[in-house]
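Residue 162 in full-length UniProt numbering sits at position 162 of the sequence shown, and the numbers go up by one each step.
A virtual CB, placed ideally from N, CA and C, is assigned to each residue, including glycine.
Computed from a predicted structure; not experimentally measured.
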Amino acid sequence: MQTLTSTVFDLFPPAPRAKTIMAAGVAAWLPFARAAAIGWMPLIVLNVSGRRFQTWRNTLDRYPDTLLGSSEKEFFYNEDTKEYFFDRDPDVFRSVLNFYRTGKLHYPRYECISSYDEELAFFGIVPEIIGDCCYEEYKDRKRENAERLMDDQEDNKDANTFCRKKKKKNSTLHGTSNSSVKNILSFHQLKWLYMNWGLKLIRPYMPNLPWEEITN
Ligand SMILES: [Zn+2]
Numbered sequence: 001m002q003t004l005t006s007t008v009f010d011l012f013p014p015a016p017r018a019k020t021i022m023a024a025g026v027a028a029w030l031p032f033a034r035a036a037a038i039g040w041m042p043l044i045v046l047n048v049s050g051r052r053f054q055t056w057r058n059t060l061d062r063y064p065d066t067l068l069g070s071s072e073k074e075f076f077y078n079e080d081t082k083e084y085f086f087d088r089d090p091d092v093f094r095s096v097l098n099f100y101r102t103g104k105l106h107y108p109r110y111e112c113i114s115s116y117d118e119e120l121a122f123f124g125i126v127p128e129i130i131g132d133c134c135y136e137e138y139k140d141r142k143r144e145n146a147e148r149l150m151d152d153q154e155d156n157k158d159a160n161t162f163c164r165k166k167k168k169k170n171s172t173l174h175g176t177s178n179s180s181v182k183n184i185l186s187f188h189q190l191k192w193l194y195m196n197w198g199l200k201l202i203r204p205y206m207p208n209l210p211w212e213e214i215t216n
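This is the structure we're talking about:
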């Protein structure tokens, strides 16, 4: 489970192999683990569309200009569940939360670029801080997407122009505009009505005519 794994890794990161690394690693996390254990550092639960992530409050406080690092996140606090609830994409949120933990923002290759940007924007994180390891990929995907959108717009424009031209051509071929077609139809209908009424009027005076053939 995401919650448990995150919590366990926050409190007890994997044991480093070398003694020197261990000393540095322990120095980094042990004070936090102790503080958390005695309740000095409150753990908070972030529920993102049903997936729960846990982190220390001060991990989020590192970036006060972002949504999670500021008091704005209190709008999303649920008193009943004691959780912060965000109706957002939990997959992208992994990258968001990792940014608070490590200070490095990564771009997962499998994520849709637009969706990723939207999530970052929601949490108030600027994509310019994406790490060197992912920045080129991010920029490439961004450019590809922009080009695709431009192509789509061009296609739509061409399609509209084609439709307009076709319509105009049809009107010219039939020697009339759309409104004239309507007028001509009305004229035919009117002619038929007049004939029908006229025939009905003279019918009693001319009983020898083949009325069925005329009216049909
Ligand atoms: Zn990266």
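Distance cut-off 7 Å: residue i Cβ against heavy atoms of ligand 1
i, result
"CYS112", "no"
"GLY131", "yes"
Which residues DSSP lists as bridging residue i, in chain order
i, result
"LEU46", "PHE53 and TYR84"
"LEU105", "ILE130"
"ASN78", "GLU83"
8 Å contact criterion, which residue i and residue j should meet: CB distance rounded
i, j, result
"ARG88", "SER49", "6 Å"
"ARG94", "ILE113", "With 8 Å as the limit, ARG94 and ILE113 do not qualify as a contact, their Cβ atoms being about 17 Å apart."
"ASN47", "GLU83", "4 Å"
Counted within 10 angstroms of its Cβ, other Cβ atoms place residue i as buried (16 or more) or exposed
i, result
"GLN54", "buried"
"VAL92", "buried"
"TYR107", "buried"
Among the options, the one whose alpha carbon lies nearest that of residue i
i, options, result
"PHE123", "ARG164, THR81, PHE85 and ASN160", "PHE85"
"THR59", "GLU72, ASN145, GLU128 and ILE44", "ILE44"
"ASN98", "GLU72, PHE76, PHE75 and ARG62", "ARG62"
"CYS139", "ASP117, ALA121 and ARG57", "With the sequence shown as reference, residue 139 is identified as Lys, and Cys is not the correct amino acid for it. Nearest of ASP117, ALA121 and ARG57 to LYS139, Cα basis: ASP117."
"VAL96", "ARG143, ALA146, GLY131 and ASP80", "GLY131"
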